[in-house]
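Scroll down for the structure; my scribbles are underneath it.
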Amino acid sequence: MVVTKICCIGAGYVGGPTCSVIASKCPDVYVTVVDLSQPRIDCWNSKDFNLPIYEPGLKEVVQQCRGRNLFFSTNIDEAINAADIIFISVNTPTKTYGLGKGRAPDLKYIEAAARRIADVATGNKIVVEKSTVPVKAAESIQRILFANMKNGVRFQVLSNPEFLAEGTAINDLMNPDRVLIGGEQSTSGLQAVEKLSWVYEHWIPKENIIKTNTWSSELSKLTANAFLAQRISSINAMSAVCEATGADVGEVAHAIGTDSRLGPKFLQASLGFGGSCFQKDVLNLVYLCEALNLPEVAAYWQQVIDMNDYQRRRFATKVISCLFNTITDKTITILGFAFKKNTGDTRESSSIYMCKYLMDEGAKLHIYDPQVEHKQIIADLSHRDISEQSERGDSKMATPPVETEKEKVNKLVKIFEDPYEALKGAHAFVVCTEWDEFKDLDYLRIYNSMLKPAFAFDGRRILNYDALTNIGFHVETVGHKTLNNCLPITP
Ligand code: UDX
Ligand code: UDX
Numbered sequence: 000m001v002v003t004k005i006c007c008i009g010a011g012y013v014g015g016p017t018c019s020v021i022a023s024k025c026p027d028v029y030v031t032v033v034d035l036s037q038p039r040i041d042c043w044n045s046k047d048f049n050l051p052i053y054e055p056g057l058k059e060v061v062q063q064c065r066g067r068n069l070f071f072s073t074n075i076d077e078a079i080n081a082a083d084i085i086f087i088s089v090n091t092p093t094k095t096y097g098l099g100k101g102r103a104p105d106l107k108y109i110e111a112a113a114r115r116i117a118d119v120a121t122g123n124k125i126v127v128e129k130s131t132v133p134v135k136a137a138e139s140i141q142r143i144l145f146a147n148m149k150n151g152v153r154f155q156v157l158s159n160p161e162f163l164a165e166g167t168a169i170n171d172l173m174n175p176d177r178v179l180i181g182g183e184q185s186t187s188g189l190q191a192v193e194k195l196s197w198v199y200e201h202w203i204p205k206e207n208i209i210k211t212n213t214w215s216s217e218l219s220k221l222t223a224n225a226f227l228a229q230r231i232s233s234i235n236a237m238s239a240v241c242e243a244t245g246a247d248v249g250e251v252a253h254a255i256g257t258d259s260r261l262g263p264k265f266l267q268a269s270l271g272f273g274g275s276c277f278q279k280d281v282l283n284l285v286y287l288c289e290a291l292n293l294p295e296v297a298a299y300w301q302q303v304i305d306m307n308d309y310q311r312r313r314f315a316t317k318v319i320s321c322l323f324n325t326i327t328d329k330t331i332t333i334l335g336f337a338f339k340k341n342t343g344d345t346r347e348s349s350s351i352y353m354c355k356y357l358m359d360e361g362a363k364l365h366i367y368d369p370q371v372e373h374k375q376i377i378a379d380l381s382h383r384d385i386s387e388q389s390e391r392g393d394s395k396m397a398t399p400p401v402e403t404e405k406e407k408v409n410k411l412v413k414i415f416e417d418p419y420e421a422l423k424g425a426h427a428f429v430v431c432t433e434w435d436e437f438k439d440l441d442y443l444r445i446y447n448s449m450l451k452p453a454f455a456f457d458g459r460r461i462l463n464y465d466a467l468t469n470i471g472f473h474v475e476t477v478g479h480k481t482l483n484n485c486l487p488i489t490p
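In this text, residue positions in the sequence shown follow numbering that gives the first Met the number 0: the first is 0, and each later residue adds one.
Written out as structure tokens, the structure is:
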């Protein structure tokens, strides 16, 4: 069982941390992470370890291994050729065009990686899908490889989905609940599964490595993300009921979470889930079910996404209605832009949706996030898509057609390095990301610097409701009824 070299195509949020941990746990294996993007690889190789992604604990692992048995390069062909095992960790965004637009995953990068492997490989390879893909994608990769292989080179394709969550990626990789490996149930397929398992056995107990057929593995990844997203949508649905009745969603979550059949995790009501995976993977599942002629199953999972959209819009509507149904020219401070704490990633962040909805109503936004780069915030808010969605869904949030998004962003958005500066003179603030530092801000100082009445909207339930109310804030929290409830928007 000898694996001496691993190559990973895609040096992103998945490929980078995964391979860094493999290198640290397997000093006898050479790991090379390759990427098309030279600037990204330059960051991974930077002298001062100014890595392209922020992930707690990652820098230390890279410092330990880089140059020893961990390498970052743009020389994709050389790394493919040298490797026994090749991970494919390129991104699989939702298609923005053509068949399946807005729902199906775009597999063009996966296909390009497979073709490249077939083109340059001169020896036998195990090709591992790390990216989340639709069920039966391994079969497509296998067909591409077989149709294009040269000189009798043999390939085995495995599915080895990633379960890491951003912000806790290093711990998730070092101490995973389980590792899942799916492979063809043939002699050579099972041998390939054992080879990959050998890599993980360097630090993971054998009994925690689950081996299945390829499709079970692919579908398990989609199912895991769909179930997690569904839990959030379920508790968010209950948060609306809580706000209408006087129950508190935190108390409800605690009460049900102590039932060992349900468990306490993923019951945190919020202004909606974000991130690169949940929405994409649930949409992917919906699309798959439709393609399999299972419309009832498709509709069931679609509701998870619909509930998330509803929650985002519902919270934005609450902000608007509390501010006397008009926010034009009012300053609203957005605390947090990343899709969750401890990451600089903004993909599908609910903050983007919140900002867009408020901008569509003419609000001036002051934005503060401790990690997200300013240019990323501007780029996210300058995309048209969300306003287009809101135009379709809710005429109250329609975009005036005359302005381009960029002009609007320039006019309405200011980004700050300091939260207190961002809050000065604001009518309201909205907590969109649950960064720990937001819990410890000096809210009396903030209250004194804001316009009155001062409004606090907690989309993450991290602030001390009573303390803020005692200071004088009008506080609105997801899943908690405010006594002096805001009037609904008049039609
Ligand atoms: C991952 C997964 O792999 C995806 O399936 C999952 O559902 C979301 O997260 P992630 O690592 O987060 O992707 O994506 P990203 O950070 O965008 O990294 C992908 C990298 O692949 C980028 O650096 C990109 O430059 C690189 N890439 C993309 C290539 O090297 N070659 C390509 O053909 C395409
Ligand atoms: C997710 C899965 O957890 C991971 O296993 C998979 O490999 C990739 O997708 P990630 O998107 O990085 O990971 O983060 P996660 O912690 O799952 O959070 C996703 C979103 O849900 C965030 O916006 C988060 O704030 C939100 N969330 C999470 C809630 O709103 N409530 C919760 O109780 C948990």
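No residue lacks a Cβ here, since even glycine has one placed at the ideal position from N, Cα and C.
Alpha-carbon spacing of residue i relative to residue j, whole angstroms
{"i": "residue 196", "j": "residue 208", "result": "7 angstroms"}
{"i": "residue 241", "j": "residue 480", "result": "7 angstroms"}
{"i": "residue 419", "j": "residue 376", "result": "19 angstroms"}
{"i": "residue 6", "j": "residue 112", "result": "12 angstroms"}
{"i": "residue 369", "j": "residue 335", "result": "7 angstroms"}
{"i": "residue 201", "j": "residue 138", "result": "29 angstroms"}
{"i": "residue 306", "j": "residue 64", "result": "43 angstroms"}
{"i": "residue 254", "j": "residue 83", "result": "50 angstroms"}
{"i": "residue 155", "j": "residue 381", "result": "43 angstroms"}
{"i": "residue 39", "j": "residue 10", "result": "8 angstroms"}
{"i": "residue 66", "j": "residue 72", "result": "12 angstroms"}
{"i": "residue 243", "j": "residue 265", "result": "22 angstroms"}
{"i": "residue 365", "j": "residue 353", "result": "13 angstroms"}
{"i": "residue 236", "j": "residue 277", "result": "17 angstroms"}
{"i": "residue 496", "j": "residue 260", "result": "An answer regarding residue 496 cannot be provided, because it is not within the stretch 0 to 490 covered by the chain."}
{"i": "residue 13", "j": "residue 469", "result": "44 angstroms"}
{"i": "residue 288", "j": "residue 220", "result": "15 angstroms"}
{"i": "residue 55", "j": "residue 167", "result": "7 angstroms"}
{"i": "residue 488", "j": "residue 320", "result": "Reliability fails at residue 488, whose pLDDT of 45 lies under 50, so the model's placement of it is uncertain and the value that follows must be treated cautiously. Roughly 5 angstroms between the two C-alpha positions."}
{"i": "residue 373", "j": "residue 263", "result": "35 angstroms"}
{"i": "residue 95", "j": "residue 101", "result": "6 angstroms"}
{"i": "residue 144", "j": "residue 129", "result": "17 angstroms"}
{"i": "residue 346", "j": "residue 227", "result": "17 angstroms"}
{"i": "residue 290", "j": "residue 98", "result": "12 angstroms"}
Close-in-space but distant-in-sequence residues of the same chain around residue i (CB under 7 angstroms, 5 per side omitted)
{"i": "residue 407", "result": "358"}
{"i": "residue 53", "result": "342, 343 and 370"}
{"i": "residue 452", "result": "473"}
{"i": "residue 153", "result": "123"}
{"i": "residue 337", "result": "343, 344, 345, 348, 368, 370, 371 and 432"}
8 angstroms CB neighbourhood of residue i in its chain, flanking five on each side removed
{"i": "residue 212", "result": "181, 182, 183 and 184"}
{"i": "residue 50", "result": "15, 42, 43, 57, 58 and 61"}
{"i": "residue 217", "result": "128, 132, 133, 134, 135, 136, 137, 158, 160 and 181"}
{"i": "residue 225", "result": "280, 281, 284, 300 and 303"}
Outcome for residue i when other beta-carbon atoms lying within 10 angstroms are tallied against a minimum of 16
{"i": "residue 92", "result": "exposed"}
{"i": "residue 107", "result": "exposed"}
{"i": "residue 444", "result": "exposed"}
{"i": "residue 190", "result": "exposed"}
{"i": "residue 283", "result": "buried"}
{"i": "residue 1", "result": "exposed"}
{"i": "residue 205", "result": "exposed"}
{"i": "residue 389", "result": "At residue 389 the pLDDT is 39, less than 50, meaning the model places this residue with poor confidence and gives no usable figure here."}
{"i": "residue 160", "result": "buried"}
{"i": "residue 177", "result": "exposed"}
{"i": "residue 245", "result": "exposed"}
Contacting residues, own chain, Cβ-Cβ under 6 angstroms from residue i (five flanking each side not counted)
{"i": "residue 399", "result": "Annotation note: pLDDT 46 at residue 399 (below 50); position unreliable, coordinate value reported separately. Excluding residues within five positions, none has a Cβ falling inside 6 angstroms."}
{"i": "residue 301", "result": "285"}
{"i": "residue 22", "result": "30, 64, 68 and 69"}
{"i": "residue 363", "result": "330 and 411"}
{"i": "residue 474", "result": "455, 464, 467 and 468"}
{"i": "residue 314", "result": "270 and 458"}
{"i": "residue 199", "result": "178 and 208"}
Segment limits, beta strand (DSSP E) that includes residue i
{"i": "residue 495", "result": "Because the chain is modelled from 0 through 490, residue 495 falls outside the range shown and cannot be assessed."}
{"i": "residue 366", "result": "363-367"}
{"i": "residue 72", "result": "69-72"}
{"i": "residue 456", "result": "454-457"}
{"i": "residue 178", "result": "178-182"}
{"i": "residue 473", "result": "473-476"}
{"i": "residue 96", "result": "Run containing residue 96: none; DSSP gives neither H nor E here."}
Terminal residues of the alpha helix (DSSP H) in which residue i lies
{"i": "residue 244", "result": "213-244"}
{"i": "residue 406", "result": "404-411"}
{"i": "residue 382", "result": "Careful: residue 382 lies outside any alpha helix (DSSP H) and carries neither H nor E."}
{"i": "residue 200", "result": "Here residue 200 belongs to no alpha helix (DSSP H), and DSSP marks it neither H nor E."}
Handout entry: Quiz: which residues have CB nearer than 6 angstroms to ligand 2 non-hydrogen atoms
Key = Near ligand 2, meaning a beta-carbon closer than 6 angstroms to one of its heavy atoms, we find 161, 162, 163, 164, 165, 224, 227, 231, 265, 266, 267, 269, 272, 273, 274, 276, 277, 338 and 339.
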